[in-house]
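Enquirer: My structure is below; once you've seen it, I'll send some questions.
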Amino acid sequence: MLAIRPISIHEANVFVEKLHRHHGVKTGCKFAISVYDGEQLHGVAICSNPVARMADDGLTLEVSRLCTDGTYNACSILYGACARIAKEMGYKKIQTYILESELGTSLKASGWTCEGEAGRPSWGGQWASQRQKEREAFQQIGLFEEKKPPEEMKTRWARYF
Numbered sequence: 003m004l005a006i007r008p009i010s011i012h013e014a015n016v017f018v019e020k021l022h023r024h025h026g027v028k029t030g031c032k033f034a035i036s037v038y039d040g041e042q043l044h045g046v047a048i049c050s051n052p053v054a055r056m057a058d059d060g061l062t063l064e065v066s067r068l069c070t071d072g073t074y075n076a077c078s079i080l081y082g083a084c085a086r087i088a089k090e091m092g093y094k095k096i097q098t099y100i101l102e103s104e105l106g107t108s109l110k111a112s113g114w115t116c117e118g119e120a121g122r123p124s125w126g127g128q129w130a131s132q133r134q135k136e137r138e139a140f141q142q143i144g145l146f147e148e149k150k151p152p153e154e155m156k157t158r159w160a161r162y163f
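In my numbering, the protein residues as written are 3 to 163.
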């Protein structure tokens, strides 16, 4: 039976680095949780402040990484647990972004609603910091071994409390 457990950001990042299809590690978080079956780790979720500055109102939390090994219902269980924890912590909203090509089935099953298209295919436009632009330039010439997200529109999903 699948069960939620706390996990350190370091352990969660090791799992993300190994299994996430298009994102690498997160440097910080508000909390990280995992889903286990017995002693077998099947997935992790990392929640943090929203990346988008306008969404960071102090009452909004973002699931910035969610990664599983494909275990049935693991994504839904993690999304549901993140929402319950956020509500208990006093947040008024929890949100996440998925690629336009992803269906959002686990989010629907967990009671989240689609808020529509978000972002743009090429991140790093006028609102990107100089450091972000420099990192992107270095990534293009292969100086960093980081995963680069696909250049695809994203869809924002949320739950309100």
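Just so you know, even glycine gets a beta-carbon here, dropped at the ideal spot from N, CA and C.
Taking the alpha-carbon of E64 as reference, which of A14, F33, I6 has the nearest alpha-carbon?
Expert: Sequence index remark: in the sequence shown, residue 64 carries index 62 (1-based). Taking only the C-alpha atoms, the option nearest E64 is F33.
Enquirer: Less than 8 Å separating the beta-carbons of G114 and Y93?
Expert: Indexing the sequence shown from 1 puts residue 114 at position 112. Indexing the sequence shown from 1 puts residue 93 at position 91. It is worth fixing the name first, because residue 114 is Trp in this sequence and not Gly. Going by C-beta atoms, W114 is not nearer than 8 Å to Y93.
Enquirer: Which residues does DSSP list as the beta-bridge partners of L101?
Expert: Residue mapping note: residue 101 aligns to position 99 of the sequence shown, counting from 1. DSSP output for L101 lists K156 as bridge partner(s).
Enquirer: Would you mind sorting G72 into buried or exposed? The rule is 16 or more other CB atoms within 10 Å of its CB.
Expert: For the purposes of this step, residue 72 is taken as residue 70 along the sequence shown, with counting starting at 1. Flag for G72 reads exposed.
Enquirer: Any chance you could list the beta strand (DSSP E) runs of at least 3 consecutive residues sitting entirely within the region 57 to 103, in chain order?
Expert: Those beta strand (DSSP E) runs which fall completely within the region 57 to 103 and span 3+ residues are 62 to 70, 95 to 101.
Enquirer: Mapping the DSSP letters down to three states, classify A5 as helix, strand or coil.
Expert: Mapped onto the sequence shown, residue 5 falls at position 3. If DSSP states are grouped into helix, strand and coil, A5 belongs with the strands.
Enquirer: What do you get for G45, buried or exposed, if any count of 16 or more other CB atoms within 10 angstroms of its CB means buried?
Expert: In the sequence shown, the residue the question calls residue 45 occupies position 43. It is buried - the Cβ of G45 has at least 16 other Cβ atoms within 10 Å.
Enquirer: What residues in its chain sit with their C-beta under 7 Å from that of A83, if we drop five residues either side in the sequence?
Expert: In the sequence shown, the residue the question calls residue 83 occupies position 81. Counting only Cβ-Cβ distances below 7 Å, and skipping sequence neighbours, we find I6, I35.
Enquirer: Could you check what DSSP says for F17 in three-state terms: helix, strand or coil?
Expert: Taking the sequence shown and counting its residues from 1, one reaches residue 17 at position 15. If DSSP states are grouped into helix, strand and coil, F17 belongs with the helices.
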